[in-house]
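Following: one structure in structure tokens, then a few remarks.
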Amino acid sequence: MKNIAIFASGSGTNAENLIKFFRTSPFGRVRIVLSNRADAGVLDRAQSLEVESIVFSREQFYKSDEVLQVLLERGIDYIVLAGFLWLVPRNMLEPFENKIVNIHPALLPKYGGKGMYGKHVHQAVIEAGDAESGISIHYVNPRYDDGDIIFQATCKVGPEDTPDSLAGKVHQLEYEYFPGVVENLLKEL
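Sequential numbering of the sequence shown, starting at -3, is according to the numbering used here.
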């Protein structure tokens, strides 16, 4: 049984989905949720699901080993970024090489990089006139949305789509595929 840490900055719907999925998986459990925002909805979701959560500062994340120590003390085997908007520092990338994954709400390598998250991504896809969008699950490296792609799933973009409606389609793909892809990765450890 592998211990999973989830990093999230927002409402936490993907984190909640992962926590619930891994309650019945023989391969892993979500041990802790970490956030860089004290007002993030993910913290309430973690609490209601009785999963430990902590909040950390930019200084703790980038200028110390405090966050890394939390992971090591809890025996974390795998890290999942679920709406986490900061680059992961090297002091965490090295001990968790190929054990940190992220989900991105577009088909990478298009619409990735700093500032490309949430509605910004969906607006860019619509403005470009793309016929499809989707999700990309990828390994994390020192650059935004640049790690090797593990899995992608697509959805159609229609002329009637707005950033909100496209976000709904993409969220459905996230909920459907993200937990299973993570579970398959844990099976390989």
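The beta carbon of each residue, even a glycine, is placed where N, CA and C say it ideally should be.
Problem set entry | Separation of residue 13 from residue 158, as counted between CA atoms | Counting from one through the sequence shown, the residue named residue 158 turns up at place 162. Counting from one through the sequence shown, the residue named residue 13 turns up at place 17. Those two C-alpha atoms are separated by around 25 Å.
Problem set entry | According to DSSP, residues forming a beta bridge with residue 97 | For the purposes of this step, residue 97 is taken as the residue at position 101 of the sequence shown. Beta-bridge pairing links residue 97 to 76, 135.
Exercise. At a cut of 8 Å, does the segment 149 to 165 reach the segment 120 to 137 through at least three beta carbon pairs?
Worked result: yes
Exercise. Considering only C-alpha positions, which residue in the set 63, 47, 48 is nearest to residue 54?
Worked result: Taking the sequence shown and counting its residues from 1, one reaches residue 54 at position 58. Considering only alpha carbons, the answer is 63.
Exercise. Would DSSP call residue 25 helix, strand or coil?
Worked result: In the sequence shown, counting from the first residue as 1, residue 25 sits at position 29. Strand.
For this session: Look at the alpha carbon of residue 109 and the alpha carbon of residue 99, and state the distance between them as a whole number of angstroms.
Result: Residue numbering aside, residue 109 sits at position 113 when the sequence shown is read from its first letter. Residue numbering aside, residue 99 sits at position 103 when the sequence shown is read from its first letter. Rounded to whole angstroms, residue 109 to residue 99 spans 13 Å at the Cα level.
For this session: Determine the direct distance from the alpha carbon of residue 137 to that of residue 84, and round the result to whole angstroms.
Result: In the sequence shown, the residue the question calls residue 84 occupies position 88. In the sequence shown, the residue the question calls residue 137 occupies position 141. Rounded to whole angstroms, residue 84 to residue 137 spans 8 Å at the Cα level.
For this session: Please name the residue in 78, 112, 135 whose C-alpha comes closest to that of residue 38.
Result: The residue given as residue 38 occupies position 42 in the sequence shown. Among 78, 112, 135, the Cα nearest to that of residue 38 is on 78.
For this session: Enumerate, from N- to C-terminal direction, the unbroken alpha helix (DSSP H) stretches of 4 or more residues contained entirely within the segment 23 to 72.
Result: 37 to 44, 54 to 58, 62 to 69
For this session: Determine the DSSP secondary structure at residue 114, reduced to helix, strand or coil.
Result: By 1-based counting over the sequence shown, the position of residue 114 is 118. DSSP places residue 114 in helix when its eight states are reduced to three.
For this session: Classify residue 8 as buried or exposed, calling it buried when 16 or more other Cβ atoms lie within 10 Å of its own Cβ.
Result: Along the sequence shown, one-based indexing puts residue 8 at 12. Counting Cβ neighbours within 10 Å, residue 8 comes out buried, since at least 16 surround it.
For this session: Determine the direct distance from the alpha carbon of residue 155 to that of residue -2, and round the result to whole angstroms.
Result: Here residue -2 refers to the residue found at position 2 when the sequence shown is read from its first residue. Here residue 155 refers to the residue found at position 159 when the sequence shown is read from its first residue. Those two C-alpha atoms are separated by around 43 Å.
For this session: To the nearest angstrom, report how far apart residue 91 and residue 15 are at their CA atoms.
Result: Within the sequence shown, residue 91 is the residue found at index 95, counting from 1. Within the sequence shown, residue 15 is the residue found at index 19, counting from 1. Going by the C-alpha atoms only, they are around 23 Å apart.
Exercise. Since residue 133 and residue 97 are thought to touch, with beta carbons under 8 Å apart, how far apart are those beta carbons, to the nearest angstrom?
Worked result: To locate residue 133, count along the sequence shown from 1; it is residue 137. To locate residue 97, count along the sequence shown from 1; it is residue 101. At roughly 6 Å, the Cβ-Cβ gap stays under 8 Å, so residue 133 and residue 97 are in contact.
Problem set entry | CA nearest to the CA of residue 112, picked from 161, 18, 141 | Residue numbering aside, residue 112 sits at position 116 when the sequence shown is read from its first letter. The shortest C-alpha separation from residue 112 is found at 141.
Problem set entry | Residues near residue 182 in its chain [Cβ-Cβ closer than 7 Å; skip 5 each side] | The residue given as residue 182 occupies position 186 in the sequence shown. Closer than 7 Å at Cβ, skipping near neighbours: -2, 23, 24, 74.
For this session: Note the first and the last residue of the continuous beta strand (DSSP E) segment covering residue -2.
Result: By one-based count along the sequence shown, residue -2 stands at place 2. Unbroken beta strand (DSSP E) run through residue -2: -2 to 3.
Exercise. Which first and last residues belong to the alpha helix (DSSP H) in which residue 92 is found?
Worked result: In the sequence shown, the residue the question calls residue 92 occupies position 96. Element bounds for residue 92: n/a, residue is neither H nor E.
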